[in-house]
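Read the structure below first, then the notes.
Numbering (full-length UniProt numbering), first residue to last: 1 to 483.
The structure is reproduced here in C-alpha cells:
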C-alpha cells in the first residue's frame, strides 16, 4: 500500500501543471491529493494503531483544513475577485497549530519534553530564522500600506507559523529523529512547507505576480507536503513514532548540528553588515535583541557542557578506582590511598594494621559451580565483610579472590578480632586465609603490604582458614600463628 500510494501521488502531482490552468479542474485535482493524504493518514492510524495516535490525527486535521482552503479560495475568487485576506487564509493557517500540536505529542511520547539541551539548540537555530523572518518578511508587511490590520496579522502569521514549526522539528531532530523513516518523511514535509512559504514571500515582495508555471510550481510544493505526510502514515515505522527514543544525554554536538548553530549565530552579524553596506540600518534593535538572545543561549549551552564534562570526569575517576564486580576500591585506588594513610599514621602516632585476605580453594569452587557462581561469591563476600568494618576502614579487592583491608588506629589484636568477624559472615560456607601486619612506624607502605602478604602465604601453607600475624622484622620474627 505504501509503495502504491507513493507512485499514485507522484503521478498526480506531476500531472498537476496540465490541469492547473482550469480553475475548478485544478482545484479539484489539488483537493483530491490533499484530502486523500488526510484520509490515508487516518487509515494508517487505524491500520497500525500506534501509541500517541493523536499526533497523526492532528497531522491529518491540518492537511484536511489546509486543503479545504483551496476550493474556498477558488469560490471567493470566482464570486468576488481576488480578495486578501479571506476565510481561506484561516483554513490555510490552521495547518500550523495542527502540526505544532502533533509534534508536541511526538516529543512527549519520546520523553524529550524536559531535555533542556535540545530546547537550547533548537531555540538557537530558531532565533536566527526568527530574525530573518522579521527583517525580510514580517517588518516589510507591517509597513505595507495596502493591507488592513487583519491583512498585516495574516501576512505575519505565515512566517511565525513556519518559525514555530521549525523550532518543534529541530528539537525533535536534535534528539535522534532521523532514525525513523516515518519521522524523516514528516521532517521532510516540514522542510518543504518552509521552502514553499519562503519562495512565495520572496516572489510576492519582489513584485512578481505568482501565476502560470510559477503558481503551478508553488502548488506542487504544497501538494508534495500533503502527500509526504500521507506516505509517512502508511509506512510501518509510523508505529514507532509514538514510542520513547533512547536519546542519550543530549550533550553531544554532531558536526551537522555544530554547522547549524554556527550559521544561526552568524545571522545577526551578516544582516547588520548587509544593511550597513547598503547605507541604511533599519533593524538595529531587532539585530541587537536577536544577538543578545543568541549569546545567552550559547553561554547557557556552554555552561551545561562544562557541568556535563565535570560530571563525566568525576564518574571516570570513580570508575577508575572502583572494582566493577564487587563495588569495592580496586588495587589502583588502594596503592594511592595507602601512602596517604601511612603519612597520617606517622603524624598522629596511632597504630595501623593491614590485612591480606584470600578465599580458600576458590579455583576449585569455580570449577565445581562455574564462574558466575564464583562472581556471586566474591560479590556477596565483599558486601558481607563491608558491613562488619568501621567507616574509617578500607576494604579493597586486590586481585582475583584476594582482598586487602586497612584498619587505621587499630593494633594487631583489634585487627585479628575484626578478621574473625569477617570470617563468621563469609557466605556459602566458604573460608579464607589472612595475613595481618601492623605498621612499624618506619617502613614504607610497600614494605608493610609485603609483610602482610608473607603472613598470608604462611597461613595458606599452615592449613588455610586461619590468620597469621607478621611480627616486626626488626624483632627478628616473621610471623606468628593465630587460629
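From the three backbone atoms N, C-alpha and C, an ideal C-beta is built for every residue, glycine too.
Residue i, buried or exposed, once every other Cβ within 10 Å from all chains shown has been counted against 16
| i | result |
| --- | --- |
| residue 468 | buried |
| residue 381 | buried |
| residue 38 | buried |
| residue 438 | buried |
| residue 363 | exposed |
| residue 431 | exposed |
| residue 117 | buried |
| residue 80 | exposed |
| residue 30 | buried |
| residue 338 | buried |
| residue 225 | buried |
| residue 371 | exposed |
| residue 254 | exposed |
Three-state class that DSSP yields for residue i in the structure shown
| i | result |
| --- | --- |
| residue 353 | strand |
| residue 27 | helix |
| residue 326 | coil |
| residue 281 | coil |
| residue 60 | helix |
| residue 438 | strand |
| residue 339 | helix |
| residue 148 | coil |
| residue 389 | coil |
| residue 103 | helix |
| residue 71 | helix |
| residue 4 | helix |
| residue 425 | coil |
| residue 11 | helix |
| residue 307 | helix |
| residue 140 | helix |
| residue 197 | helix |
| residue 180 | coil |
| residue 51 | coil |
| residue 85 | coil |
| residue 371 | helix |
| residue 461 | helix |
| residue 444 | coil |
| residue 90 | helix |
| residue 108 | helix |
| residue 420 | helix |
| residue 318 | helix |
| residue 376 | helix |
| residue 331 | helix |
CA-to-CA distance, residue j to residue i, given in whole angstroms
| i | j | result |
| --- | --- | --- |
| residue 187 | residue 314 | 38 Å |
| residue 331 | residue 471 | 24 Å |
| residue 297 | residue 44 | 39 Å |
| residue 325 | residue 435 | 24 Å |
| residue 483 | residue 412 | Any reading at residue 483 must be qualified, since the residue scores a pLDDT of 47, below 50, and its modelled position is unreliable; the value itself is stated next. C-alpha separation (whole angstroms): 14 Å. |
| residue 240 | residue 190 | 19 Å |
| residue 277 | residue 156 | 27 Å |
| residue 23 | residue 74 | 7 Å |
| residue 103 | residue 359 | 59 Å |
| residue 54 | residue 391 | 55 Å |
| residue 165 | residue 96 | 7 Å |
| residue 376 | residue 304 | 39 Å |
| residue 262 | residue 269 | 12 Å |
| residue 266 | residue 336 | 49 Å |
| residue 257 | residue 216 | 34 Å |
| residue 477 | residue 451 | Confidence at residue 477 is low in this model, with a pLDDT of 39, below 50, so its placement is unreliable and the value that follows should be read with caution. Distance between the alpha carbons of residue 477 and residue 451: 11 Å. |
| residue 361 | residue 446 | 27 Å |
| residue 484 | residue 357 | This structure cannot speak to residue 484, because the chain is shown only from 1 to 483. |
| residue 463 | residue 457 | 11 Å |
| residue 368 | residue 340 | 41 Å |
| residue 52 | residue 284 | 44 Å |
| residue 61 | residue 106 | 16 Å |
| residue 119 | residue 162 | 17 Å |
| residue 70 | residue 168 | 26 Å |
| residue 1 | residue 72 | 31 Å |
| residue 27 | residue 20 | 8 Å |
For residue i: DSSP bridge partner residues
| i | result |
| --- | --- |
| residue 358 | 402 and 433 |
| residue 397 | 403 |
| residue 408 | 352 |
Whole-Å CB distance - residue i paired with residue j, under 8 Å assumed
| i | j | result |
| --- | --- | --- |
| residue 418 | residue 407 | 6 Å |
| residue 41 | residue 230 | 5 Å |
| residue 13 | residue 223 | 5 Å |
| residue 92 | residue 66 | 5 Å |
| residue 425 | residue 385 | 7 Å |
| residue 131 | residue 329 | Actually they do not touch by this definition, with Cβ atoms about 54 Å apart. |
| residue 137 | residue 286 | Their Cβ separation, rounded to whole angstroms, is 12 Å, which puts residue 137 and residue 286 out of contact at 8 Å. |
| residue 505 | residue 219 | Residue 505 is absent from the model: the chain starts at 1 and stops at 483. |
| residue 185 | residue 232 | 4 Å |
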